[in-house]
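Novice: Have a look at this one.
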Amino acid sequence: MRSFDIISMGLKNLFRRKTRTILTVLGVVIGTAAIVVMVSLGIGMNENFEEQLKQMGNLNIINVTKYRNSPDNTGGPPKEIVLDSIAISKISAIKGIRGVTPVVEGNMKLVSGKYMAYVSVMGIDARTIENFDYPVEQGRLLQEGDTDKILVGGNIPQYFYNPKTRYGMMGPNSKPPVDVLTDKLEVTFDMSYGEKRRQEGIGGSETSEKPPKLYKVKGVGLLSVTNDWQKDGYIFMDYNYLQKLMKDNAKSQNGKQDNYWGMPSTDTSKGFERLMVMVDNMKDVDRVQKEIDEMGYGTNSLADMRKPMQKQAQTIQLVLGGIGAISLLISALGITNTMIMSIYERTREIGVMKVLGCKMNNIRQLFLLEAGVIGFFGGCVGVLLSYLASLVLNTVGRNIMNSGDGGMVGMGMGMGMGMNSGGSKISVIPPWLALLSIVFAILIGIVSGFSPARRAMKLSALEAIKSE
Amino acid sequence: MENIIEVKGIRKVYRVGNEKVIALENIDLSIGKGEICCLLGTSGSGKSTLLNLMAGLEKPTRGEIIIKNTHVEKLDEKRLVLFRQKYIGFVFQSYNLLPNLTAMENVGLPLAFKGIPRWIRDKKSKQMLSSVGLKSHSNRKPSQMSGGQQQRVGIARAFVGNPEIVFADEPTGNLDSKTTVEVMDLITGIARKNNQTLIIVTHDTNIAGYADKIIHILDGNIEKVEFKTPSLIK
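Listed in order, the protein sequences are those of chains C and U. Per our numbering, residue 245 is the first one in the first sequence, and the count goes up by one each step. Per our numbering, residue 5 is the first one in the second sequence, and the count goes up by one each step.
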């Protein structure tokens with residue numbers, strides 16, 4: 245029998261009992277929708293996690309610090325290890341690493357004429373900065389030999405304000421008053437530079453303070469906005485130059501360190517404060533981190549945070565998927581039941597077909613096809629319904645979540661992250677899920693139809709035509 | 005004349021609970037090609053069982069059935085299906101048309117099972133339907149036709165593949181006497197025209213009158229064989 249004939253015959257049979265077919269299909273619709281919506285919730289949660297992690301920084305970066313917790317975690321003060329150029333070359337030798345740089349961080353004031361901005365500054369080895377995924381919007385990255393050059397984070401232009409006027413920072417959409425690439429720029433470690441000296445009248449001693457030192461810098465590049473706060477809110481300098489500025493500043497201020505917040509020790513004889521390691525592939529982060537750890541250095545990365553999050557998300561996904569699976573199982577029973585009923589009804593027909601020379605395989609195919617078609621229609625409508633449900637969840641649910649501060653995150657994670665819950669979507673149905681569930685529904689149909697089809701095939705032709 | 009069907013020493017025993025019921029005992033018969041043969045007997049005589057055995061719908065307890073030099077009793081179900089596709093047509097007492105198919109589709113069914121494409125099927129089915137006088141009914145469903153019309157469709161279906169043998173089990177059992185005559189004329193007419201072997205099971209002696217050879221069956225045995233029109237048997 246030609247497959248086209250089998251298909252048209254199967255469809256005709258299904259249309260013959262419209263109500264019953266529709267009811268069975270409805271069962272599959274509900275089962276599919278349940279499973280898709282449940283899984284979509286899990287995927288949505290996962291995506292939210294990823295989104296949040298991305299805001300916290302680059303997932304491929306491992307931080308190596310000179311403080312190492314005692315390996316057995318029994319407490320006690322962390323051990324200090326020297327991070328020097330030997331350490332860098334040792335770490336660079338690990339497979340899968342794209343770049344290693346020493347890092348020094350601090351806070352500065354960026355000054356351009358009457359405008360100024362509070363910024364964080366990060367010193368990075370200019371020779372390897374290209375390996376760290378800094379997306380340049382204008383200009384260029386730092387290069388070897390750049391001394392007084394700075395690379396400016398995407399949000400920095402919005403930070404400029406005029407301390408002489410009463411207005412605060414510019415709105416996010418207004419044009420920034422300073423062009424960091426062309427305007428003259430200076431940096432200072434004196435955070436109160438340019439502000440009204442409120443303490444003047446009180447202490448008196450402050451007036452004897454030397455004028456704050458300003459260092460001329462030149463902006464060479466502007467990064468695009470990434471939503472990663474470690475990129476957007478920073479300016480970047482060559483490690484060595486920043487280190488020099490810090491030393492110089494410390495000398496000139498002599499024991500007045502308490503005016504300058506956030507200044508790490510400038511003593512490089514004990515090695516670097518921190519290294520940043522860029523791993524080529526996110527999958528390798530765990531392995532590389534472990535290898536560095538085994539070398540005896542202290543490490544941390546966002547992957548540390550990511551793993552328990554993923555695990556939790558997986559557990560929740562599994563539970564949700566399980567609930568959906570139960571409803572699909574019930575719909576599978578529905579299909580089996582329908583097909584068995586259909587065999588009882590059509591016993592005679594099957595017998596006649598056999599007597600007229602219909603092959604056993606064709607009979608089985610016919611019944612499997614009918615069951616599969618029920619699964620297919622159920623799956624398609626179920627997926628449509630899920631998209632609808634997902635839409636409703638995302639529009640209605642978002643309002644609830646935003647008012648509930650943290651929503652999903654609070655539910656699963658209890659992370660005390662001081663950031664918005666990201667939660668752009670509660671339920672996400674990627675195309676693969678839609679496709680997979682339709683295929684799955686068809687499969688469920690065929691599996692449920694298997695035993696009835698077998699039964700139909702085995703029917704004795706004689707018994708079938710005898711039954712009156 | 006060449007024998008198309010040979011039955012040798014057939015015995016068929018049914019088990020009903022603990023009791024054995026002998027349906028057929030030591031049946032020997034042969035049917036020639038192009039012969040119209042009638043199995044005549046009362047209900048429970050075993051005539052339908054004999055037909056089922058010859059059509060391969062049942063297996064004999066003992067004995068041989070040879071059709072077209074093939075031992076039908078030795079074929080497995082798959083081969084039987086192919087064998088039936090090739091050589092055998094069927095007319096049922098209760099027509100057994102598929103209710104959701106039109107007359108034309110019903111007639112084309114045996115061809116569909118053979119894997120013949122639709123356009124050829126439809127052409128042949130239409131020809132067949134017009135030869136049974138139902139040209140205008142080709143798109144009707146069985147429920148829209150009378151018993152006689154349905155049986156004509158059944159006959160068209162049995163003959164559409166041009167099988168060498170057609171079995172008819174009480175083909176007029178559900179029809180009134182006028183329609184019976186029409187249907188019998190039709191079925192024997194087609195069989196004779198194409199030199200096809202027709203085996204009719206009936207309890208009606210009037211029907212038996214259409215046959216070349218009447219095999220009287222009584223209580224599982226062949227009582228006598230009667231040749232109605234010896235001129236036809238060479």
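C-beta: ideal position from N, C-alpha, C; glycine also.
Using a Cβ-Cβ cutoff of less than 6 Å, which residues in the same chain neighbour C:K598 once the five nearest sequence positions on both sides are dropped?
Specialist: On the first sequence, position 354 is the one that residue 598 of chain C refers to. Taken in chain order, the residues that qualify are A705.
Novice: What number of angstroms, rounded off, separates the C-alpha of C:Q533 from the C-alpha of C:I574?
Specialist: The residue labelled residue 533 of chain C in the question sits at position 289 within the first sequence. The residue labelled residue 574 of chain C in the question sits at position 330 within the first sequence. C:Q533 and C:I574: Cα-Cα distance of roughly 46 Å.
Novice: Name the DSSP bridge partner or partners of C:P346?
Specialist: Taking the first sequence and counting its residues from 1, the one referred to as residue 346 of chain C is at position 102. Answer is C:L519.
Novice: Output yes or no for whether 8 Å exceeds the beta carbon distance between U:V187 and U:V111.
Specialist: Here residue 187 of chain U corresponds to residue number 183 of the second sequence, with the count starting at 1. Here residue 111 of chain U corresponds to residue number 107 of the second sequence, with the count starting at 1. The answer is no: Cβ separation not under 8 Å.
Novice: Contact between the segment 131–150 of chain U and the segment 79–90 of chain U is defined here as three or more beta-carbon pairs at a separation below 8 Å; is this criterion met?
Specialist: No: fewer than three Cβ pairs fall under 8 Å.
Novice: With a threshold of 8 Å, are at least 3 pairs of Cβ atoms found where one atom belongs to the segment 549–565 of chain C and the other to the segment 57–69 of chain U?
Specialist: Short answer: they don't touch.
Novice: Using a C-beta cutoff of 8 Å, does U:E168 count as contacting chain C?
Specialist: Within the second sequence, numbered from 1, the residue matching residue 168 of chain U stands at position 164. So, not an interface residue.
Novice: Consult DSSP for C:D334 and reduce its assignment to one of helix, strand or coil.
Specialist: As a first step, residue 334 of chain C must be located in the first sequence, where it is residue number 90. First, the residue type needs correcting, since residue 334 of chain C is Lys and not Asp in the sequence shown. Reduced to three states, the DSSP call for C:K334 is helix.
Novice: Does DSSP put U:N73 in a helix, a strand or coil?
Specialist: Here residue 73 of chain U is taken as the residue at index 69 of the second sequence, counted from 1. Three-state DSSP puts U:N73 in coil, outside helix and strand.
Novice: From the beta carbon of C:A700, is the nearest beta carbon of chain U less than 8 Å away?
Specialist: Your numbering for residue 700 of chain C matches position 456 in the first sequence. By this cut-off, C:A700 is not an interface position.
Novice: Apply the 10 Å Cβ neighbour rule to C:P379 and answer buried if 16 or more other Cβ atoms are within range, or exposed otherwise.
Specialist: Mapped onto the first sequence, residue 379 of chain C falls at position 135. Burial call: exposed.
Novice: How would you write the range of the alpha helix (DSSP H) that U:E81 sits in, first residue to last?
Specialist: To locate residue 81 of chain U, count along the second sequence from 1; it is residue 77. Note, U:E81: alpha helix (DSSP H), E81 to Y91.
Novice: Skipping 5 residues on each side, what residues in its chain have a beta carbon closer than 8 Å to that of C:I250?
Specialist: The sequence position of residue 250 of chain C within the first sequence is 6, counting from 1. Answer for C:I250: N606, Q609, L610 and L613, listed in chain order.
Novice: Counting only C-beta atoms, is C:M245 closer than 8 Å to chain U at any point?
Specialist: Position 1 of the first sequence, counting from 1, holds the residue named residue 245 of chain C. Yes, C:M245 lies at the interface with chain U (some Cβ there is under 8 Å from its Cβ).
Novice: Contact defined as beta carbons within less than 8 Å: I believe U:G50 pairs with U:I221. What is the distance between those atoms, to the nearest angstrom?
Specialist: If you number the second sequence from 1, residue 50 of chain U lands on position 46. If you number the second sequence from 1, residue 221 of chain U lands on position 217. Right, their Cβ atoms sit about 6 Å apart.
Novice: Which residue from U:S142, U:N143, U:N166 and U:G137 puts its Cα closest to that of U:L190?
Specialist: Along the second sequence, read from residue 1 onward, the residue named residue 190 of chain U stands at position 186. Measuring from the Cα of U:L190, the nearest candidate turns out to be U:G137.
Novice: Along chain C, in chain order, which residues have C-beta atoms closer than 9 Å to that of U:P114?
Specialist: Position 110 of the second sequence, counted from the start, is the residue given in the question as residue 114 of chain U. The answer, in chain order, is L600, G601 and C602.
Novice: Note down, in chain order, every chain U residue with its Cβ under 8 Å from the Cβ of C:K256.
Specialist: Taking the first residue of the first sequence as 1, we reach residue 256 of chain C at position 12. Those are N104 and L105, listed as they occur along chain U.
Novice: If distances are taken between C-alpha atoms only, which option among C:P401, C:G286 and C:A708 comes closest to C:L429?
Specialist: The residue given as residue 429 of chain C occupies position 185 in the first sequence. Cα-wise, what sits closest to C:L429 is C:P401.
Novice: Of the residues U:A116, U:E29, U:E81 and U:L33, which one's Cα is nearest the Cα of U:I8?
Specialist: The sequence position of residue 8 of chain U within the second sequence is 4, counting from 1. When each option's Cα is compared against that of U:I8, the closest is U:L33.
Novice: Between the beta-carbon of C:D369 and the beta-carbon of C:V464, is there less than 8 Å?
Specialist: Residue 369 of chain C sits at position 125 when you count from the first residue of the first sequence. Residue 464 of chain C sits at position 220 when you count from the first residue of the first sequence. No, the pair does not count as a contact, with Cβ atoms beyond the cut-off.
Novice: Against chain C, does U:E10 count as a neighbour if the rule is that its beta carbon must be under 8 Å from one of theirs?
Specialist: Taking the first residue of the second sequence as 1, we reach residue 10 of chain U at position 6. It does not: the Cβ of U:E10 has no partner Cβ on chain C nearer than 8 Å.
Novice: Please specify which runs of the alpha helix (DSSP H), each continuous and at least 4 residues long, are wholly inside the segment 169–210 of chain U, giving them in chain order.
Specialist: If we require 4 residues or more, the alpha helix (DSSP H) runs fully inside the segment 169–210 of chain U come out as 181–197.
Novice: If you follow the alpha helix (DSSP H) that C:M360 is in, where does it begin and where does it stop?
Specialist: Your numbering for residue 360 of chain C matches position 116 in the first sequence. Not the alpha helix (DSSP H): C:M360 falls in the beta strand (DSSP E), residues Y359 to I368.
Novice: Using a Cβ-Cβ cutoff of 8 Å, what residues of the segment 138–161 of chain U are near chain C? List them in chain order.
Specialist: Result list: R161.
Novice: Could you spell out where the alpha helix (DSSP H) holding C:V272 opens and where it closes?
Specialist: Here residue 272 of chain C corresponds to residue number 28 of the first sequence, with the count starting at 1. Segment K262 to M300, the alpha helix (DSSP H) holding C:V272.
Novice: Can you grab the Cα-Cα spacing for the pair C:C624 / C:R590, in whole Å?
Specialist: In the first sequence, counting from the first residue as 1, residue 624 of chain C sits at position 380. In the first sequence, counting from the first residue as 1, residue 590 of chain C sits at position 346. Whole-angstrom Cα-Cα distance: 28 Å.
Novice: Relative to the C-alpha of U:Q155, which residue among U:Q97, U:R125 and U:I124 is closest?
Specialist: On the second sequence, position 151 is the one that residue 155 of chain U refers to. Among U:Q97, U:R125 and U:I124, the Cα nearest to that of U:Q155 belongs to U:Q97.
Novice: Would you mind reading off the limits of the alpha helix (DSSP H) that contains U:Y156?
Specialist: Along the second sequence, one-based indexing puts residue 156 of chain U at 152. The sequence given here places Arg at residue 156 of chain U; Tyr does not occur at that position. Where U:R156 is concerned, the enclosing alpha helix (DSSP H) stretches over G151 to F163.
Novice: Quick check on the DSSP output: the beta strand (DSSP E) that includes U:R15 runs from which residue to which?
Specialist: Numbered from its first residue, the second sequence carries residue 15 of chain U at position 11. N7 to V20 is the span of the beta strand (DSSP E), which, as asked, contains U:R15.
Novice: Tell me whether C:N304 is buried or exposed, calling it buried when 16 or more other Cβ atoms sit within 10 Å of its Cβ.
Specialist: Against the first sequence, residue 304 of chain C aligns to sequence position 60. C:N304 is buried by the Cβ-count criterion.
Novice: Given this structure, state the Cα-to-Cα distance separating C:T426 from C:T372, to the nearest angstrom.
Specialist: Walking along the first sequence from the start, residue 426 of chain C turns up at place 182. Walking along the first sequence from the start, residue 372 of chain C turns up at place 128. Straight-line Cα distance between these residues: approximately 25 Å.
Novice: Against C:I251, what residues of chain U qualify as contacts under a CB-to-CB distance less than 7 Å, listed in chain order?
Specialist: Residue 251 of chain C sits at position 7 when you count from the first residue of the first sequence. Per Cβ cutoff of 7 Å: no residues; C:I251 is ~12 Å from chain U at best.
Novice: For U:F231, list the residues DSSP reports as bridge partners.
Specialist: Taking the first residue of the second sequence as position 1, residue 231 of chain U is located at position 227. Answer is U:K217, bridged to U:F231.
Novice: Which residues bound the alpha helix (DSSP H) around C:Q237?
Specialist: Past the edges of chain C, shown from 245 to 712, lies residue 237 of chain C, and the structure says nothing about it.
Novice: Using a cut-off of 8 Å between C-beta atoms, extract the partners of U:V85 located in chain C.
Specialist: The residue given as residue 85 of chain U occupies position 81 in the second sequence. Those within 8 Å of U:V85 in chain C are K598, G601, C602, K603 and M604.
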